[in-house]
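These notes are about the structure you will find just below.
In UniProt numbering, the protein residues as written are 1 to 890.
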């Protein structure tokens, strides 16, 4: 009975896979023999090539056989929809929404509550403001599939909130593969013109670094004079002038090529990808495989932004003109050696680079710069982020049959063990982000109050030019193994599993800020003129250079270690039931040490050492606990006319820990909306209990329906909240609420219409509530969780021609209003409005080797909009996008 049921599932998987992939089949292809109710569906005719069949079959089977709720998206499905990266593909998965084109929200929980792994191994994020790697970094060209686990199982990291995204890359092929793809694209916001991006402006000049060491962190003219002329008492005018001259020379070493007050032509997007691989038989038992991929892309876009303050929106507002240029490179090399298809050792090496260059001009008014008198505040901003991720992995897969284990002299009591599967891995991943010479220059525009004509521009007094230099280095080393032992007791069969994981993470985060400070008078002219060599060389004009961001500590060191052991039993019994029970023990340690790189006295470090003696210190933390998981599944083929029917009830207990960026006592810029964000070293961990109930119905013609109920109880949820900040800028931070919960229902289905058409979609309806204590500064002591949407809708109308040469998909996505950040009393909370996304993809397959794909995104030309009550505080232009790709493969 069991073997028959498994065989039927495999045949069913083929039928479902073909339909999910959108390929039309003859009506009789899925018909069941009327004379045998138990006969498997017979596929009489397939009128398209088998382009998707094998890949889709394995993915559907994997989903059906999962003991815990999960979704699986394969590369063929991703390519069919025209998605170029992981982030775009996951928008259509039930319960998932995409933020800023990069970050996935699972079941209404922000990216803090999701995690991402690469082939099961933890990887650091090169994104300065996020814990998880931006999923748009991972190109589709290196993918095999993506597994999204919505329910926790003991073999997953205990840091599990909404879900885990496991990115599974392509392995070595079984035969020769070669494909090349080229593409180009356009954005309606480009209009052919944009602000110039300045590229790499160089790191902190070595002369300034040497001066910091020589003058003990203080390069002001007065301190330089004190060091240069020790013991001279009150310095003479000549000595003071010498100190000023040294300070000016340091100022001249800064790269001040910051002229962006002009327009430049923007090139269309372009990309190219090449993949090649093969397998070679060394002998009858041994084979070797290799696969290599290189992808290069460039893109430009304008993303203008409008902001206004909630308290006085008519008097305090800003228009931000922004241009982004991205250059990305991905290189991958996969090697493997295979012995008798039972022992396989492979290596995976990846290099991902993404350089994002941003230029912005901010024009605005506030209480000090009033529109009524024509005084307009102007800020020129340049920022280049050079992000890189390097990953090297070694993996092993081994299968030992019963006769292979005879030398172990296994006691007879363990005769029910039929074989052993051993999987192990080692991963070394390094992420780095460099921000060389990000600049911010403050000016004043004098405009005619009646005509708004520009009369004059003057660089502001005070710290009018700021140059920031930042370097982040992350390393995550992890290794582990898992042993699966299939067993058969006669009345029940299944798998006993156990394993161990260990990881070590280190971070070096160093930042310096150099300020050119004006004298008492401003200077007319553009920044490039005011900060010219001639002006800075004039010792009589009052310029001087100092260091520091005025926002506290800029740097820190951090480290984390984690050790975990887990075990589980997955058993089938009575033909219709499956029970899975497991537990994970995890020991977590973290240390965060703020660094004042300008303090050469050691006072700040001594203060930290003293504070660490206190029982209330927040520099180190340790947590170890057990995290159980359990699932009970009932299976009944034929119920309600289904080919396969199952109901799964799951329970899990996990934890969400604040990211190092959220925990460290520093401030950083969130580039998503250019907000300043402060960490909070007093954050507590969030313990979560999960309950899931999932019903899946698969019909013999490929139609399917899934309904899921879920509930999460969260202790000490971490929320993004507002703090008192600068006059016309937001300062956000993080705070623990007292408790929270989220609950909802998911619907997912697919229906074949006929004539090559099918419809699929999913809907999530949910609600959440968290509570803050009376002592909290929050305006709303009860509200929904940050990032939570009460509904998420994904729908798709697909078409595949009978001859297999044409394929098209119309995709619609929308999420409900969600909390952006909690307001500080008495200001209200901020919300992001629903975003309606409509995409169209058309693919033409003139031959089995050639694909031409046209993709149009955001056809509704929606903007991202954020509100506090009825005041629109942020409006970000997104633009519609058009992309054309051509791919050829052997």
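Backbone N, C-alpha and C fix where the C-beta goes; we use that ideal spot for every residue, glycine too.
Below 7 Å CB to CB, which residues in the same chain sit around residue i once its five sequence neighbours on both sides are set aside?
i	result
residue 504	477 and 561
residue 485	417, 420, 495 and 496
residue 888	179, 180, 849 and 850
My understanding is that residue i touches residue j, with C-beta atoms under 8 Å, so please give their C-beta distance in whole angstroms.
i	j	result
residue 786	residue 821	7 Å
residue 550	residue 201	Actually they are not in contact, since the Cβ atoms of residue 550 and residue 201 sit about 22 Å apart, beyond 8 Å.
residue 595	residue 555	4 Å
residue 724	residue 779	The Cβ separation is near 13 Å, so there is no contact.
residue 395	residue 346	5 Å
Which residue's Cα is closest to the Cα of residue i: the options?
i	options	result
residue 311	873, 877 and 374	873
residue 773	752, 735, 762 and 692	735
residue 65	698, 764 and 265	698
residue 182	850, 523, 490 and 314	850
residue 913	531, 607 and 658	Limits of the chain in this structure are 1 at one end and 890 at the other, which puts residue 913 out of reach.
residue 845	583, 482 and 807	807
residue 151	628, 679 and 600	628
residue 525	556, 454 and 510	454
residue 819	666, 867, 386 and 853	867
residue 781	572, 634, 829 and 644	829
residue 363	308, 342 and 394	308
residue 426	502, 379 and 376	502
residue 877	767, 673, 812 and 711	673
Can you give me the Cβ contacts of residue i inside the same chain, cut-off strictly under 6 Å, excluding the 5 residues immediately before and after it?
i	result
residue 875	306, 863 and 865
residue 36	Caution is warranted here: a pLDDT of 35 is assigned to residue 36, below 50, making its placement in the model unreliable, and no coordinate value can be reported.
residue 67	570, 580 and 631
residue 195	260, 323 and 359
residue 274	180 and 294
residue 714	686, 688 and 740
residue 749	705
residue 684	716 and 736
residue 745	709 and 765
residue 635	576 and 646
residue 871	310 and 313
residue 649	632 and 693
residue 652	152, 629 and 690
residue 386	355 and 434
To which residues does DSSP link residue i through a beta bridge?
i	result
residue 506	475 and 559
residue 181	273 and 887
residue 722	732
residue 622	589
residue 523	459
residue 339	286 and 343
Along the chain, where does the beta strand (DSSP E) containing residue i start, and where does it finish?
i	result
residue 851	850-857
residue 711	704-715
residue 345	343-365
residue 381	375-401
residue 547	544-547
residue 751	739-754
residue 818	818-821
residue 777	That residue, residue 777, is in no beta strand (DSSP E); it is neither H nor E in DSSP.
residue 649	644-656
residue 315	First-last for residue 315: undefined, no H or E at that position.
residue 115	114-118
residue 838	835-844
residue 784	Looking at the DSSP string, residue 784 is not in any beta strand (DSSP E), and its letter there is neither H nor E.
State the start and end residues of the unbroken alpha helix (DSSP H) segment that holds residue i.
i	result
residue 86	86-90
residue 235	From DSSP, residue 235 is part of no alpha helix (DSSP H); its letter is neither H nor E.
residue 225	221-228
residue 530	527-530
residue 904	Outside the displayed span of the chain (1 to 890) sits residue 904, for which this structure offers no information.
residue 209	206-214
residue 603	603-611
residue 770	Counting along the chain, residue 770 falls outside any alpha helix (DSSP H), though it belongs to the beta strand (DSSP E) covering 757-771.
residue 135	It is not in any alpha helix (DSSP H) - residue 135 carries neither H nor E in the DSSP assignment.
With a CB to CB cut of under 8 Å and the five nearest residues on each side skipped, what residues in its chain are close to residue i?
i	result
residue 198	257, 258, 260, 357, 359, 382 and 384
residue 144	74, 75, 168, 169, 170 and 171
residue 816	789, 790, 791, 792 and 834
residue 449	371, 372, 373 and 374
For residue i, decide whether its Cβ has a neighbour in chain D, counting only Cβ atoms nearer than 8 Å.
i	result
residue 783	Looking for chain D here will not work: only one protein chain is present.
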